[in-house]
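I have placed the structure first, in the form of structure tokens, so that the comments after it can refer back to it.
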Amino acid sequence: VLLALQILDLAPLVARLKIGTLQVSRFTLHFLPLLISCVLIVLFASSQIVSSILARPDPADPE
8 VLLALQILDL APLVARLKIG TLQVSRFTLH FLPLLISCVL IVLFASSQIV SSILARPDPA
68 DPE
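If you want this note's numbering, it's the position in the sequence shown, counting the first as 1, plus 7.
Listed below in structure tokens is the structure:
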């Protein structure tokens with residue numbers, strides 16, 4: 008979802024870049040959204056790992 012929103016946000020920039028009215032680097036168009044998405048995925052995964060490690064077992068659970 009985040010990647011789709013970033014693509015929609017960058018669509019006008021890409022259109023202006025094709026016309027030649029805006030100078031945008033390759034880093035801004037390709038690597039920055041990818042980097043942001045990867046960082047968000049790593050943060051979410053690490054928070055889930057930490058919460059599963061620190062979670063107390065349910066006393067009603069027979070296992």
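C-beta atoms are modelled at their ideal positions from N, C-alpha and C, and glycine is treated no differently.
Which whole-angstrom value is the C-beta distance of LEU17 and LEU36, which I expect to be below 8 Å? 6 Å
For PRO40, collect the residues of the same chain with a Cβ closer than 6 Å to its Cβ; drop the 5 residues on either side in sequence, then sort them by chain order. Answer for PRO40: GLN13, listed in chain order.
If you draw a straight line from the alpha carbon of PRO19 to that of LEU42, how long is it in whole angstroms? 20 Å
When you compare the CB positions of SER44 and LEU10, do they come within less than 8 Å of one another, or not? yes
Cβ neighbours of LEU15 in the same chain (closer than 6 Å, five flanking residues each side left out): For LEU15, where only same-chain residues beyond five positions count, there are no Cβ hits under 6 Å.
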